[in-house]
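Residue numbers for the sequence shown follow numbering that gives the first Met the number 0, so the first one is 0 and each next one is one higher. Here's the structure we're looking at; comments come further down.
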Amino acid sequence: MRATYIQTLRDQLQPSLNPNGYKVLDLFAGCGGLSVGFEAAGFDVTGYEMNRDACATYNASLHGKCIQELLTTETVFPAADVIIGGPPCQPFSVIGHQAGQEDRRNGLEVFAHAVKSVQPKVWMFENVRGLLGRSKEYLDTVLAKMTNMGYAVEQPLIINARHYGVPQNRERVVVVGHRLPAFLWPEKLEKQFTVRSAIGRTARRTPRDGRFLTQAMDCYIAKYEKASCCRQPRDLHLDMPARTLTCRNLGGATGDMIRLRLPDGRRRLLTVAEAARLQSFPPWFRFAGSHTSRMNQIGNAVPPMLALMLGNAVKDALLGE
Ligand SMILES: C[S@@+](CC[C@H](N)C(=O)[O-])C[C@H]1O[C@@H](n2cnc3c(N)ncnc32)[C@H](O)[C@@H]1O
Numbered sequence: 000m001r002a003t004y005i006q007t008l009r010d011q012l013q014p015s016l017n018p019n020g021y022k023v024l025d026l027f028a029g030c031g032g033l034s035v036g037f038e039a040a041g042f043d044v045t046g047y048e049m050n051r052d053a054c055a056t057y058n059a060s061l062h063g064k065c066i067q068e069l070l071t072t073e074t075v076f077p078a079a080d081v082i083i084g085g086p087p088c089q090p091f092s093v094i095g096h097q098a099g100q101e102d103r104r105n106g107l108e109v110f111a112h113a114v115k116s117v118q119p120k121v122w123m124f125e126n127v128r129g130l131l132g133r134s135k136e137y138l139d140t141v142l143a144k145m146t147n148m149g150y151a152v153e154q155p156l157i158i159n160a161r162h163y164g165v166p167q168n169r170e171r172v173v174v175v176g177h178r179l180p181a182f183l184w185p186e187k188l189e190k191q192f193t194v195r196s197a198i199g200r201t202a203r204r205t206p207r208d209g210r211f212l213t214q215a216m217d218c219y220i221a222k223y224e225k226a227s228c229c230r231q232p233r234d235l236h237l238d239m240p241a242r243t244l245t246c247r248n249l250g251g252a253t254g255d256m257i258r259l260r261l262p263d264g265r266r267r268l269l270t271v272a273e274a275a276r277l278q279s280f281p282p283w284f285r286f287a288g289s290h291t292s293r294m295n296q297i298g299n300a301v302p303p304m305l306a307l308m309l310g311n312a313v314k315d316a317l318l319g320e
């Protein structure tokens, strides 16, 4: 079963042998989760990212290059057919910091500036589901600007990665605008993968670099689960998709942490390789930086298999022009 899933990642996430001729800019590219999928769909992708480790991972693992740069509303971009990205939304999503909308580093403002100056045929961004909650009004003002630039803006889609070849429940919002006759969202896949299919072979083992929970952490978890009326322990269940992997719960500092329970009752955190596999990163991907930095890159990423489906949808829309 595991071989099937890993083989799927290996086969489907290779950079395409049939480049489609379209140029993509990936803004706030992180380690390149979104870019991997677009490269596999045949796009020529350039990333922009300010974090040094994430850029190093990107440049070691993708064909395209990642430029290390702090993006602002004054950044000058080269010509491109498509702009994609995962703009950070913290400046406007935190209560009491709404003035952050005016922040030149606010990801959505930078994204809108890039679209305005490059005028791509298609743009797409993904973000946390919360973007459709408290920040919806702000999102609407940004999308109205994009509409005024002549883009057809599709209804934002809440997408769960588990329906697109990723063994993880991960809900995100994806927003697309284009100047094409049509855009169709990718179809959900029939097959869903489980934790076992991704990391079943190692999940019950004690890895050399294994990080175990202390007795005090076990006690904390027991209290946390009792207080939150948790009906099922939050240890990973091998025959289900994983809970959403985030920087916070991969870091291992909270009761909400993602962990495996071994047959002898001990609990351990995921290894970097296991976290990467649950996010559908292909086996050749090499993460740079400290343990914390690598887990942050993984927790932040768009799962490459989901990115591939989105990339194929953008490609089909462009080819239908
Ligand atoms: C949610 S992550 C993007 C993940 C990426 N889409 C992927 O699939 O791997 C957001 C990234 O934006 C970067 N970032 C935030 N503000 C930035 C800025 N002003 N300029 C460049 N990068 C920025 C962060 O370092 C972080 O890596």
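Note that CB positions come from ideal geometry on N, CA and C, so glycine has one too. In this text the structure is predicted, and so the values were computed from the model without any measurement.
query	result
Classify Trp283: buried if its beta carbon has 16 or more other beta carbons within 10 angstroms, exposed otherwise.	exposed
Grouping DSSP H, G and I as helix and E and B as strand, with all else coil, what is Arg9?	helix
For Ala197, which residues of its own chain have a beta-carbon under 6 Å away from its beta-carbon, when the five flanking residues on both sides are left out?	Tyr4, Pro166, Arg276, Leu277
With a floor of 3 residues, list each beta strand (DSSP E) that falls wholly inside the stretch 235 to 318, ordered by position along the chain.	258 to 260, 266 to 268
From which residue to which residue does the alpha helix (DSSP H) around Asn126 run?	It is not in any alpha helix (DSSP H) - Asn126 instead sits in the beta strand (DSSP E) that spans 121 to 127.
How would you call Leu183, buried or exposed, if buried means at least 16 neighbouring beta carbons within 10 angstroms?	exposed
Which residues in the same chain as Asn17 place their Cβ atom closer than 6 Å to its Cβ, once the five residues preceding and following it in sequence are excluded?	Gly41
Can you list, in chain order, the residues of its chain with a C-beta nearer than 6 Å to that of Leu259? Leave out the 5 residues immediately preceding and following it.	Ala202, Leu235, Arg267
Looking at C-alpha atoms only, which residue of Leu261, Phe280, Asp263 is the closest neighbour of Val327?	Residue 327 lies beyond the residue range present for the chain, which begins at 0 and ends at 320; the question has no answer from this structure.
Which of helix, strand or coil does DSSP assign to Val109?	helix
Could you tell me if Gly264 is buried or exposed, where buried requires 16 or more neighbouring beta carbons within 10 angstroms of its beta carbon?	exposed
So what does DSSP say about Leu16, is it helix, strand or coil?	coil
Ordered along the chain, which non-local residues of its own chain (more than five positions away) have a Cβ less than 6 Å from that of Val174?	Phe124, Pro155
Let me check you understand the geometry: is the CB of Leu12 closer than 6 Å to at least one non-hydrogen atom of ligand 1?	no
Would you check if the distance between the CB atom of Thr45 and the CB atom of Leu24 is smaller than 7 Å?	yes
Between which two residues does the beta strand (DSSP E) carrying Tyr47 extend?	43 to 48
In this structure, how does DSSP classify Gly36 when only helix, strand and coil are distinguished?	helix
Just to confirm before moving on: does the CB-CB distance between Tyr137 and Leu317 stay below 7 Å?	no
Indicate whether the contact test is met: 3 or more Cβ pairs, each with one atom in the stretch 177 to 196 and one in the stretch 244 to 255, closer than 8 Å.	no
Indicate the three-state DSSP secondary structure (helix, strand or coil) for Cys65 in the structure shown.	strand
Grab me the residues of Val301's own chain with a C-beta within less than 7 Å of its C-beta, minus the 5 sequence neighbours each way, in chain order.	Gly32, Leu33, Gly85, Glu125
Please state the DSSP three-state secondary structure of Glu170.	strand
Express the C-alpha separation of Ile82 and Pro321 in angstroms, rounding to a whole number.	Here the chain has residues from 0 to 320 only, and residue 321 is not among them.
If you run the structure through DSSP and keep just helix, strand and coil, what is Thr3?	helix
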